[in-house]
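Be aware that the sequence shown starts at 6, since it is given in the numbering used here, and climbs by one per residue. Using N, Cα and C, we set each Cβ at its ideal position, and we do this for glycine too.
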Amino acid sequence: MGTTNPATISNVFVYGSLLSDDVVCALLSRVPPSSPATLPHHHRFSIKGRVYPAIIPVENKKVTGKVLIGITPPELYILDTFEDVEYERKTVDVFLNDGSEKLQADTYVWQNKTDPNLYGEWDFEEWKQLHSKDFLKMTTEFKEELELPDSKTRVATYESFYQGISNDP
Numbered sequence: 006m007g008t009t010n011p012a013t014i015s016n017v018f019v020y021g022s023l024l025s026d027d028v029v030c031a032l033l034s035r036v037p038p039s040s041p042a043t044l045p046h047h048h049r050f051s052i053k054g055r056v057y058p059a060i061i062p063v064e065n066k067k068v069t070g071k072v073l074i075g076i077t078p079p080e081l082y083i084l085d086t087f088e089d090v091e092y093e094r095k096t097v098d099v100f101l102n103d104g105s106e107k108l109q110a111d112t113y114v115w116q117n118k119t120d121p122n123l124y125g126e127w128d129f130e131e132w133k134q135l136h137s138k139d140f141l142k143m144t145t146e147f148k149e150e151l152e153l154p155d156s157k158t159r160v161a162t163y164e165s166f167y168q169g170i171s172n173d174p
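See below:
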């Protein structure tokens, strides 16, 4: 069993809360190697009422993020469950940031391409200051739940978690 079939290992392009090593570590119990990357012809939006972003295809726009390298099938399952029904996993071509190398990666694209709740831009630095602490708690809760036999969906975890937090700015 010593060899792994390379086809089962994935690269995953992340662009939102998963840019945070803490969030990735809470989900996967490790921080995989990563490389800065750009996804062409997509735009990263904020979502009304959510602290995480969405990307959808938009000509001539680009999304900066990073590629998590060497994601195993069980880890991909955790990410799929975390991204839940709001996103669909798609295979895309990303460019590593020195521009030299094109890489295939999976990424999570917002299902509803005409969602009226998408607006503006999403800013990782702002998210880090305002939301990362709570989001990390929610993620840790989600991961603990996931290991239970009848775990909630991520959307349910998110909603029950954020109901418990006051909405004061």
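Short check: CB of residue i to CB of residue j, under 8 Å?
i    : j    : result
V72  : N16  : yes
T43  : F100 : yes
G75  : V19  : no
R175 : D85  : Since the first and last residues shown for the chain are 6 and 174, residue 175 lies out of range.
E146 : T158 : no
I83  : L151 : yes
E88  : L33  : no
Y124 : K67  : no
K133 : A31  : no
According to DSSP, is residue i helix, strand or coil?
i    : result
D103 : coil
P79  : helix
V36  : coil
E149 : helix
T119 : coil
S51  : strand
E64  : strand
S124 : According to the sequence as given, residue 124 is Tyr; it is not Ser. Three-state result, Y124: strand.
Y57  : coil
Looking only at C-alpha atoms, which of the options sits nearest to residue i?
i    : options                  : result
D139 : R94, S40, P78 and R55    : R55
V97  : V90, S105 and T112       : T112
H46  : A31, P58 and N65         : N65
V160 : L135, Y92 and T119       : Y92
Y57  : Q109, E150, L24 and P78  : L24
I61  : T119, V29 and C30        : T119
F50  : A110, V63, S165 and K148 : V63
P41  : S137, T77, W127 and L108 : L108
P38  : L32, I52 and D26         : D26
S22  : E131, S165 and F166      : E131
T77  : V68, R35 and I52         : R35
E164 : T144, V28 and W127       : T144
D128 : A31, C30 and A59         : A59
V90  : E106, W115 and A110      : W115
Provide the residue(s) that pair with residue i in DSSP beta bridges, ordered along the chain.
i    : result
A110 : V97
T43  : T69 and F100
Y92  : W115
Counting along the chain, where does the beta strand (DSSP E) carrying residue i start and finish?
i   : result
L15 : The residue asked about is misnamed: residue 15 is Ser in this sequence, not Leu. Taken as a continuous stretch (DSSP letters only), the beta strand (DSSP E) holding S15 covers S15 to V19.
Between which two residues does the alpha helix (DSSP H) carrying residue i extend?
i    : result
T158 : Per DSSP, T158 belongs to no alpha helix (DSSP H) and is neither H nor E.
E130 : F129 to L135
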